[in-house]
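Residue numbers for the sequence shown follow my numbering, beginning at 10 and rising by one.
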Amino acid sequence: MVMNHIGKGMFIPNNLERDTAIRRQGPGGQIGDSVSEVAPVATFEGEAVIEGVY
């Protein structure tokens, strides 16, 4: 999942997240997309991913 953050105090373009999700059409009349079924990546390069707080 790739996210872009645009705010008053920060701009983070193309930030690669360690999650997977399904891209959905956004609500009518709104700009942007929605996501569903967000889940952590189970494996990366054949190794199990251990979730933690960072």
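Glycine included, each C-beta is placed from N, C-alpha and C at the ideal position.
Nearest candidate by alpha-carbon position, reference residue 23, set 31, 12, 35 and 33: 12
Run through the DSSP bridge pairs and tell me what residue 31 is partnered with. 45
Leaving out five residues on either side along the sequence, give the residues of the same chain with a beta carbon under 8 Å from the beta carbon of residue 30. 10, 44, 45, 46, 47 and 48
Measure the Cβ-Cβ separation of residue 53 and residue 33 and say whether it is below 9 Å. no
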